[in-house]
Amino acid sequence: MNRHEISFNTRPPGAISTKADFIYHMGPDWITIADTGKGKCSVAEDLESVLRKIEHWHQGSVAKFKIMCQDSKGFWHQVQWDGRAAVLSPLGETDDRKPARSS
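The opening position of the sequence shown corresponds to residue 0 in numbering that gives the first Met the number 0, with each subsequent residue numbered one higher.
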């Protein structure tokens, strides 16, 4: 590396890693997480790591947020997260606006 190049490590030591690949959106009191299907496993299989990574990025707990997760087939699930364990409850819906309105 010469003196005029900058190197940036996108995976620093101690960074939280996930096997799932996902995108998410966040509002004042809600989070939606969608599986891209490009990971080594699904978001549902790696959900606790996914939630820890989101907490790491936002530097705080998301346990009080209303969290919904979309699986690779397009179905939404409600997520209950206490900071340690995640529980999925199927909503049987593919439209992300309908579950949010019905709760």
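Glycine residues also receive a C-beta, built at the ideal position from the N, C-alpha and C atoms.
Query raised in the report: Going along the chain, which unbroken runs of the beta strand (DSSP E) with 3 or more residues stay wholly within the region 32-81?
Result: 65-69, 75-80
Query raised in the report: From what residue to what residue does the beta strand (DSSP E) around serine 88 run?
Result: 85-89
Query raised in the report: Is the distance from the Cβ of serine 16 to the Cβ of serine 41 below 8 Å?
Result: no
Query - Start-to-end residues for the beta strand (DSSP E) that takes in isoleucine 22 - result: 21-25
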